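Okay, so here's the structure we're looking at.
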Amino acid sequence: CTKDKSFAILDRFVEKGGNFIDTANMYGQGDSPEILGQWLNGNGRKGEQFVIATKVWGQMSDHPNGMGLSRAHIMQAVEDSLRRLQTSYIDLYWIRVQILSVFLFI
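So this is what it looks like as structure tokens:
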């Protein structure tokens with residue numbers, strides 16, 4: 001999806017009364033929250049009118065703390081999310097866990 005198309009979708013979301021925005025550090029390898037941040041700061045919008053949620057988990061680099069739930073990765077992911085979203089706050093910070101398979105024994 002192009003940036004212009006993303007902006008149009010988000011504009012329509014607000015027109016319909018939307019105010020909860022959820023993203024993640026790994027969506028589009030960081031491009032999605034970056035586009036969202038550009039939109040949030042454009043056309044006189046105020047981030048405070050939205051509840052902003054994001055997640056941590058995905059691999060964002062090759063170094064040992066580049067993924068997972070280590071303190072170093074969480075702190076770096078928060079800083080990166082704030083920068084990408086062009087905001088000074090995050091309302092809700094999720095830990096994203098993907099369960100690849102579940103085994104049931106009866």
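Position 86, counted from 1, in the sequence shown is what the UniProt record's numbering calls 86; the numbers after and before it change by one each time, with no gaps. Quick reminder that beta carbons are idealized off the backbone N, C-alpha and C, glycines included. These numbers were taken from a predicted model, which means no experiment stands behind them.
- Contact between Arg96 and Ala8 is ruled out by a C-beta separation of about 27 Å, above the 8 Å threshold.
- By the neighbour-count criterion, in which a residue is buried when 16 or more other Cβ atoms sit within 10 angstroms of its Cβ, Ser88 is exposed.
- For the alpha helix (DSSP H) assignment, the uninterrupted runs of no fewer than 4 residues enclosed by the UniProt domain "NADP-dependent oxidoreductase" (2 to 95) are, from N- to C-terminal side, 3 to 15, 31 to 40, 71 to 85.
- The C-alpha of Tyr93 is placed about 22 Å away from the C-alpha of Gly17.
- Excluding the 5 residues flanking it on each side, Pro33 has same chain C-beta neighbours closer than 8 Å at Thr23, Ala24, Asn25, Tyr27, Thr54, Ser81, Arg84, Leu85, in chain order.
- Here Leu69 has Val56, Trp57, Ile95 as same chain residues with Cβ atoms under 8 Å from its own Cβ, once five neighbours each way along the sequence are excluded.
- Taking Asn19 as the centre and dropping the five residues before and after it, the same chain places the C-beta of Gln49, Phe50, Val51 closer than 7 Å to its C-beta, in chain order.
- Between Gly42 and the set Asp4, Ala77, Gln76, the nearest pair of CA atoms involves Asp4.
- One Cα belongs to Gly44, the other to Ala77, and the distance between them is close to 27 Å.
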